[in-house]
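So the structure is just underneath, and the comments pick up after that.
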Amino acid sequence: MEKRSRVFLWGIGLIIGVCLLGGPARADEDPATYRVAVNLGFQLEGQVYGQFRTPVYLLEPALDNLLISVEARRAPDAVIRSYVRFRDQKTGTWTRFHPFDTEFHFADPHPISAYQLLFIILDLGKGQSAIARFTAQGRCLGEATMTELLKTPLAFQPARPWPKPKIVSREEWKARPPKGEYKYHTPQKIVVHHTWKPTASQYVGAATIRGIQNYHMDDPNTGWSDIGYHFLIGPDGVIYQGRPEQAVGAHCPPNTTMVGVNVIGNYDAGQDPITPDMEKSLIELLSWLASTYKIDPRTQFYGHRDFSPKSCPGDQVYERLPQYRETVLANIGELKPH
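Using the working numbering, read the sequence shown as starting at 140 and increasing by one per residue.
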């Protein structure tokens, strides 16, 4: 008989990470309908093989988006495999167990009412490995919204390429390595965010980016495998590479096919002004992404608020999105089919 597991529910308030130089590094994340952090404590020591299965976790209400992140400690010779399965809300049937490394993104128009995790450890060296904990955050966007978001956009062919702008690499801003392997996707949409906090005045270059990464990876409410965004742009116009844009991010459900671009500052009405340097870099980056991945700027550029009750990316940026769409289209053009 399925049994609901006891989990440690964390409060809505988020623990704010701190930048190297003292400024808060938070970023305006999505509010989750469902959020849990579960300490598992599965350990394997002095043995070659171990298998661990969690209880079934019920979802009330059902969700059509769920991000699961696992924190594990591997012995030098150990191989850890993570798996997750889901129960369809309507039919009650279970999926097979889907393999993943440290982060799994569920996104489907048909909601799920439960999930369960399975872990397998193989260690010929008989060292000490552990599955310490996992976090899960989820929402329900609705069947119509999910169907629209997950369908393949109409084909778009840019008339000309756009040069890649100068981007500070992960090595240059001293990023931590991800906790595990990425899941890859084909970029089809671009979602623009603002950090909200840190504000523009709290931005201190690469230290701010490291602070946001630390918050995303270490906060008990997130625990993601890496920084959630693909690109971040400072008020000084400097562009930083977050996750590779070909990897699924953690910035806006359903995340898959979406490239997350975050401008650092609070761009709600009456707050930080949009600097010319930042705006120029944003347009250059959007133009390069659109030309490289054949993304139609007229229909596939979004603000985070299009999928969230948040004000992100702030009124100032959001109200300029139509202008950015037009500028990018003018930059890259369009080849019309004959």
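Note that CB positions come from ideal geometry on N, CA and C, so glycine has one too.
Locate the beta strand (DSSP E) running through residue i, then write down its first and last residues.
i      : result
Lys419 : Premise fails: Lys419 lies in the alpha helix (DSSP H), Pro415 to Tyr432, not in any beta strand (DSSP E).
Leu371 : Phe370 to Ile372
Gly277 : Gln267 to Arg278
Asp357 : Note, Asp357: premise wrong, no beta strand (DSSP E); alpha helix (DSSP H) at Ala345 to Asp357.
Leu288 : Taken as a continuous stretch (DSSP letters only), Leu288 belongs to no beta strand (DSSP E), being part of the alpha helix (DSSP H) at Glu282 to Leu289.
Gln439 : No beta strand (DSSP E) contains Gln439, which is instead part of the alpha helix (DSSP H) from Pro436 to Gln439.
His390 : Counting along the chain, His390 falls outside any beta strand (DSSP E), and DSSP gives it neither H nor E.
His333 : Lys328 to His333
Val175 : Tyr173 to Glu184
Arg212 : Tyr196 to Arg212
Phe191 : Tyr188 to Arg192
Val398 : Met397 to Val402
Gln380 : Ile378 to Gln380
How would you call residue i, buried or exposed, if buried means at least 16 neighbouring beta carbons within 10 angstroms?
i      : result
Arg212 : exposed
Pro337 : buried
Glu199 : exposed
Asn178 : exposed
Leu206 : buried
Gln190 : exposed
Tyr457 : buried
Val187 : exposed
Thr230 : exposed
Gln455 : buried
Ala408 : exposed
Ser364 : buried
Pro448 : exposed
Tyr323 : exposed
Pro480 : Residue 480 cannot be examined here, being either before or after the span of the chain that is shown, 140 to 477.
Gly264 : exposed
Ala283 : exposed
Leu371 : buried
Arg192 : exposed
Glu423 : buried
Leu160 : Residue placement at Leu160 cannot be trusted, given a pLDDT of 37 that sits under 50; what the coordinates show is reported in the next sentence. So Leu160 ends up on the exposed side.
Thr232 : exposed
Thr172 : exposed
Pro250 : buried
Taking the CB atoms as reference points, tell me whether residue i and residue j lie closer together than 8 angstroms.
i      : j      : result
Ile259 : Trp312 : no
Pro436 : Leu421 : no
Gly367 : His390 : yes
Glu310 : Ala271 : no
Ser221 : Leu256 : yes
Pro297 : Ala429 : yes
Tyr463 : Phe440 : yes
Gly350 : Met417 : no
Ala269 : Gln410 : no
Val402 : Pro452 : yes
Asn394 : His244 : yes
Val331 : His443 : yes
Arg299 : Ile471 : yes
Gly362 : Ala176 : yes
Tyr254 : Tyr196 : yes
Gly388 : His369 : yes
Thr431 : Pro292 : no
Lys433 : Gly376 : no
To the nearest whole angstrom, what separates the beta carbons of residue i and residue j, a pair I think is in contact under 8 angstroms?
i      : j      : result
Leu261 : Val223 : In fact, because the Cβ distance is near 19 angstroms, the residues do not count as touching under 8 angstroms.
Gln276 : Ser252 : Not quite, the Cβ-Cβ distance comes to about 17 angstroms (not below 8 angstroms), so this is no contact.
Cys279 : Asp203 : 5 angstroms
Arg382 : Tyr321 : 7 angstroms
Lys303 : Trp427 : 5 angstroms
Glu473 : Phe295 : 7 angstroms
Pro248 : Leu289 : 7 angstroms
Ile306 : Gln380 : 5 angstroms
Gly319 : Glu242 : 7 angstroms
Pro392 : Ala246 : 7 angstroms
Arg174 : Asn360 : 6 angstroms
If I follow the unbroken alpha helix (DSSP H) through residue i, where does it start and stop?
i      : result
His477 : That residue, His477, is in no alpha helix (DSSP H); it is neither H nor E in DSSP.
Ile471 : Asp454 to Ile471
> What runs of the beta strand (DSSP E), each 3 residues or longer, lie entirely inside the stretch 215–256?
Replying inline: 217–227 and 237–239
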